[in-house]
Amino acid sequence: MRTIRVLIVDDSIVMRNMIAKLFDQDPQFRVVGFAVNGINALDKIVELQPDLVTLDIEMPEMDGLTALNQIMTFHPVPVIMLSSYTEEGSNAAMKALEYGAMDFFQKETLFQSTRNILMEEEFLLRCKTAMNKKVFLRNETNMLGNEQSVKSHIEMLTFLLKMEEDLFQFQKELHQKISQQNGLLIKFRKDQDEFIYTTWQGCLFDRMGIKEKHAIGKDLHAIFPPYMANHMEQYYEFAWSREEVVDFETEWHGYYFLTVLRPIKDNGVIREVISLTVDITESRSMEERIRYLVLHDSVTGLPNRQVLTKWMEDAIFHKECFAVLFVNLDQFKLVNETLGHDIGDRILQVIARRLKNSFLTQNLNVFRVGSDEFIGLVKHKSKNELDAYTQNITKSINQPIRIKEHEIYMSPSIGISQFPEDDQDPETLVRFADIAMDYAKELGGNQVQFFSPHIYAKTVRRMMLEKHLRKALEKNEFVLMYQPQVNVIANEIVGFESLIRWDSPQLGRVSPLEFIPIAEETGLIYSIGKWVIEKACAQNKHWQNLGLPKVSMAVNLSSKQFYDRSLCEQIANILQVTGLEPQYLELEITESMTMDVQVALATLNSFNNMGLQIAMDDFGTGYSSLSYLKEFPIHHLKIDQSFVKDISVNPTHAAIVNTIITLARNLKINVIAEGVENEADLKVLQDFQCDTVQGYLFGRPVGASEVPEIFAKFARESVQSSDA
1 MRTIRVLIVD
11 DSIVMRNMIA
21 KLFDQDPQFR
31 VVGFAVNGIN
41 ALDKIVELQP
51 DLVTLDIEMP
61 EMDGLTALNQ
71 IMTFHPVPVI
81 MLSSYTEEGS
91 NAAMKALEYG
101 AMDFFQKETL
111 FQSTRNILME
121 EEFLLRCKTA
131 MNKKVFLRNE
141 TNMLGNEQSV
151 KSHIEMLTFL
161 LKMEEDLFQF
171 QKELHQKISQ
181 QNGLLIKFRK
191 DQDEFIYTTW
201 QGCLFDRMGI
211 KEKHAIGKDL
221 HAIFPPYMAN
231 HMEQYYEFAW
241 SREEVVDFET
251 EWHGYYFLTV
261 LRPIKDNGVI
271 REVISLTVDI
281 TESRSMEERI
291 RYLVLHDSVT
301 GLPNRQVLTK
311 WMEDAIFHKE
321 CFAVLFVNLD
331 QFKLVNETLG
341 HDIGDRILQV
351 IARRLKNSFL
361 TQNLNVFRVG
371 SDEFIGLVKH
381 KSKNELDAYT
391 QNITKSINQP
401 IRIKEHEIYM
411 SPSIGISQFP
421 EDDQDPETLV
431 RFADIAMDYA
441 KELGGNQVQF
451 FSPHIYAKTV
461 RRMMLEKHLR
471 KALEKNEFVL
481 MYQPQVNVIA
491 NEIVGFESLI
501 RWDSPQLGRV
511 SPLEFIPIAE
521 ETGLIYSIGK
531 WVIEKACAQN
541 KHWQNLGLPK
551 VSMAVNLSSK
561 QFYDRSLCEQ
571 IANILQVTGL
581 EPQYLELEIT
591 ESMTMDVQVA
601 LATLNSFNNM
611 GLQIAMDDFG
621 TGYSSLSYLK
631 EFPIHHLKID
641 QSFVKDISVN
651 PTHAAIVNTI
661 ITLARNLKIN
671 VIAEGVENEA
681 DLKVLQDFQC
691 DTVQGYLFGR
701 PVGASEVPEI
711 FAKFARESVQ
721 SSDA
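If you read the sequence shown in our numbering, its first letter stands for residue 1, the second for the next number, and so on.
And the structure:
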C-alpha cells in the first residue's frame with residue numbers, strides 16, 4: 001500500500017499538531033513537514049514533494065487562497081482546505097473549490113470539544129478520495145479521455161448525417177448510441193409558428209428537470225428558457241425552411257451541447273426534423289486546455305512569447321509606457337546538467353513563482369520565453385522605480401532554493417529596454433533587452449543593465465566578429481606570433497610561447513581578448529585550438545631541422561579544449577605527423593581549468609605520461625591551485641604579469657612574487673615571470689632567484705621568419721659576454 005506524504009500548512013502550532021495527530025491514526029499517511037504560511041508552503045512543496053497538502057485559509061504574509069492559486073499554477077498537488085466557520089469562510093470555501101481544491105473542511109466540525117471519531121474517519125477517507133481523484137485542469141492525462149469523448153461524439157453525429165431517410169431500420173442502433181453517449185434524440189414538426197416535439201428519447205436534460213413526459217406535444221418555447229429557445233429557434237427554422245442539415249452549440253447551466261438537425265422528407269416534402277444533441281462540455285474543456293497549452297509554458301504555467309507579444313502590442317497601441325525586463329539565470333545550464341532536468345524544472349518553477357511574488361502589488365506581468373529566460377513587463381513612471389523592481393527581483397532570486405538534499409543558489413542577469421524611449425516595436429524592444437542582458441552577463445552576472453547605444457554598438461561588433469570568425473580558419477586569416485622565454489643566468493632562449501593573432505581583411509587585426517571568448521561560446525575554439533597546436537609543433541620542428549637550438553614551444557589551451565576527451569589522442573597524432581618530440585611541446589593551462597580536480601588531475605597525468613611539459617599560466621589570479629598544486633604534475637609556474645609589472649616599486653606585489661617563487665622552488669617547479677619590461681623589475685626577480693623570464697625587455701612577439709635572427713642575436717650577446 002502506497003504511503004501518502006502529507007504537508008500541513010497552518011499558522012497555529014496547536015492546529016498543526018492536532019491535524020498531524022489525525023493523520024497518525026492511519027498508517028497510510030505520513031506527515032513529512034509543516035509550513036506556517038503560503039510562501040513557506042510553496043517552498044516546502046518544492047523541497048519535500050508531498051502527495052497531499054492541508055491548507056489553512058487565514059494566514060499571515062500569504063493567505064491560503066492565494067497560496068492555493070499558486071500551488072495549482074506552479075506545483076499541482078491535491079489540496080484539502082481547512083477554515084473556521086464564518087460567512088467569510090463559506091465564501092472562501094466556494095472560491096477554494098473553484099481554484100482547484102479537492103475538498104473543504106471546517107475546523108470546528110473536525111475538532112469538536114468532544115472527540116468525534118466518525119468525523120475523523122470521514123476526514124481521512126475524503127483525503128484518500130482526493131488522492132484517488134487527482135484530476136487537475138492542467139494534467140495532460142485528462143486530454144486522452146477528452147479526445148476519446150470527442151471522437152465518440154463525432155462518430156455519433158456522423159452516423160446521424162449518413163443515415164437514410166427511412167429512419168426506422170436504424171432505430172435500434174441509434175437508440176444504443178444515444179444510451180452510450182448520454183445523448184438526446186428529438187423529433188419535431190412545425191405547426192404554424194410553433195415547433196412541436198413529437199419524440200423525446202434520452203435523459204440528457206433530466207438534470208435540468210426536462211423529461212419526455214414534459215416535452216411531448218409541447219412547443220420549443222414552452223420547454224426551454226427564453227434566451228435558449230430564441231437561440232435554438234433560428235436554427236430550427238433554417239433546417240425546416242431550407243431543408244438543409246445544420247448544427248449549432250448551446251450553453252445551459254454551465255454545460256455545453258452540440259446539436260445536429262436533419263430534415264426528414266416524405267415524398268419530397270419535409271414532415272419532421274430529427275435532432276441529435278450531445279454533451280460536449282468535456283471537449284470544450286479540452287479545447288480550453290489546448291488553448292492554454294498554446295499560450296502557456298508547460299513547466300512554470302507562465303504565459304509564453306505569443307501572449308507577451310499581444311500584451312506589448314496592446315500597451316503600445318494605448319501609448320502606455322512600460323519596460324521590458326529580460327531575466328536570465330546565471331549558471332542554470334550547469335546546474336541543470338549536474339543535478340538533472342527534474343530538479344532544473346523545479347528550480348524554474350520556484351523562480352517563476354518568485355518573479356510573480358516580487359510584484360504582487362505592482363502592475364507587472366511575467367512570461368517565460370526560453371530555457372532559463374523570463375521577461376517581466378512593468379508599467380513604470382521613472383528609472384528609480386525600475387531600479388527598485390530589479391533590486392527586488394535580484395534579492396528574491398538570490399535566496400537559496402532547497403530541493404531534497406540540495407541547497408541551490410541562483411543569480412539573475414537582467415537587461416532592460418523601455419517604451420517609447422528605446423523603440424516602439426515589440427520584437428525590437430525584446431531584442432534590445434536581450435542585448436542588455438547579455439552585456440550584464442559579460443560583466444559577471446547578477447547585474448542589471450539598461451539598453452544603450454553603446455551596448456548596441458558592442459553587440460553589433462560582436463556579431464560582425466562571429467560572422468567573420470566562422471570563416472577565418474578556412475581563409476587562412478590566423479597567424480602565430482612567438483615570444484621568447486629566456487634564462488637570464490645563461491642569457492639563452494629556453495622556449496617560445498605561441499600567440500595567435502587574427503588578421504581580418506574586413507576588421508583588421510583583432511585582439512585575442514575579443515575573438516577567443518566568442519570562439520569559446522560558439523565552439524569554434526576546438527578547430528582553432530587544434531590548428532594552433534598543429535602550427536606550433538610543425539614550426540618548432542622546422543626550426544630544429546634548420547639547426548636551431550631545441551627549445552620548448554608553449555601553447556595555451558582553452559577550458560573547452562582541456563576538457564575535450566579526444567585532446568590527448570589529437571596531440572599524439574599531431575606529434576606523430578610533425579615529428580616533434582613531446583618534451584618540446586608545453587601546454588599552458590589556467591587555474592580556473594582545475595576546478596574539477598579529479599578530471600583535471602586525470603588529464604594532466606595523461607599529458608605527463610605522454611612526456612609533455614605542463615605550465616600553470618597566470619598563476620596567482622585564481623583560487624584553486626594552491627591547495628592542489630602539490631598533486632598536479634606541473635613543470636612550470638608562470639607568474640601573472642599583473643604581479644610582475646612595477647615589482648621594483650610595489651612591495652605588496654614583490655612579497656606575493658617572492659612567496660610564489662619560494663613555494664615553487666620547494667615543490668621543484670620552475671618559475672617563469674611574465675611581463676618583464678625593465679631592468680629594475682628584472683633585478684628584483686633575480687634577487688628572488690627567478691631565472692626564467694618573458695617580456696618586452698627580451699623581445700616582443702614576432703613572426704616565425706624572425707625567430708632565427710633572435711637566436712643569432714642571443715648567441716652573439718653570449719659570445720660578447722664571455723669575451724668580456
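Heads up, the beta-carbon is just placed ideally off N, CA and C, and yes, glycines get one too.
With contacts defined as CB atoms closer than 7 Å, Asp372 and Phe332 qualify as a contacting pair. The segment 553-570 makes contact with the segment 528-543, as at least three CB pairs between them are under 8 Å.
Inclusion of Asn37 and Met59 in the CB contact set at 7 Å is warranted, their separation being smaller than that value. Remark: C-beta atoms of Ala323 and Leu261 do not approach each other more closely than 7 Å.
Here Asp314 is not near Asn304, since their CB atoms are 7 Å or more apart.
In the structure shown, Pro78 adopts coil according to DSSP, grouped into three states. Ranked by how close their Cα comes to the Cα of His636, the residues Val378, Val644, Met616 have Met616 in first place.
C-alpha of Ala673 to C-alpha of Asn658: approximately 11 Å in a straight line. Between Gly523 and the set Ile710, Asn392, Tyr563, the nearest pair of CA atoms involves Tyr563. When the alpha-carbon of Ile117 is set against those of Tyr696, Arg291, Leu7, Asp26, the nearest one is in Asp26. If the five residues before and after Thr578 are omitted, its C-beta is found closer than 7 Å to the C-beta atoms of Cys537, Ala538, Lys541, all from its own chain and listed in chain order. In the structure shown, Arg700 falls within a coil segment according to DSSP collapsed to helix, strand and coil.
Excluding its 5 nearest sequence neighbours in each direction, Phe104 has C-beta neighbours in its own chain below 7 Å: Met81, Ala93, Ala96, Leu97, listed in chain order. Taking each of Tyr584, Pro420, Ser559 in turn and checking the Cα distance to Val599, the smallest one comes out for Ser559.
Inclusion of Phe450 and Ile414 in the CB contact set at 7 Å is not warranted, their separation being larger than that value. For the options Tyr99, Ser527, Asp10, the alpha carbon positioned closest to that of Ser566 is the one of Ser527. Ile455 is not a Cβ neighbour of Ala440, given a cutoff of 7 Å.
In the DSSP assignment, His221 falls within the alpha helix (DSSP H) that extends over 220-223. Taking a cut-off of 8 Å for Cβ pairs, the segment 462-473 and the segment 656-671 do not touch, as fewer than three such pairs fall below it. Bounds of any beta strand (DSSP E) do not take in Glu581, whose DSSP letter is neither H nor E. Annotation for Lys213: no beta strand (DSSP E) segment contains it, though the alpha helix (DSSP H) segment containing it runs 212-215. Annotation: the continuous beta strand (DSSP E) that includes Tyr256 extends over 255-266. Our two residues, Glu272 and Tyr292, have alpha carbons roughly 42 Å apart in a direct line. Here DSSP, grouped into helix, strand and coil, assigns Gly445 to coil.
At a Cβ-Cβ threshold of 7 Å, Arg368 and Thr300 count as neighbours. Excluding residues up to 5 positions away in sequence, Asn491, Glu492, Ile493 lie with their Cβ nearer than 7 Å to the Cβ of Phe714 in the same chain.
Within the same chain, Cβ atoms closer than 6 Å to the Cβ of Lys645 are found at Gly675, the five residues on either side in sequence being excluded. The C-beta distance from Leu42 to Ile71 rounds to 7 Å, short enough to fall under 8 Å. Counting only the Cα atoms, Asn545 lies some 48 Å from Asp438. Taking a 10 Å sphere around the C-beta of His75, we find 16 or more other C-beta atoms and assign the residue as buried. Contact check for Ser498 and Leu473: beta-carbon distance about 16 Å, past the 8 Å limit, so the pair fails to qualify. Tyr389 sits in a helix when the DSSP states are folded into three classes. Annotated three-state conformation of Pro226 is helix, per DSSP. Under the three-state reduction of DSSP, Tyr236 is assigned to helix.
Per DSSP, the continuous alpha helix (DSSP H) segment holding Arg354 begins and ends at 341-357. The beta carbon of Phe619 sits closer than 8 Å to the beta carbons of Glu591, Ser625, Leu637, Lys638, Ile639, Asp640, Ile660 from its chain, once the five residues preceding and following it are set aside; these are given in chain order.
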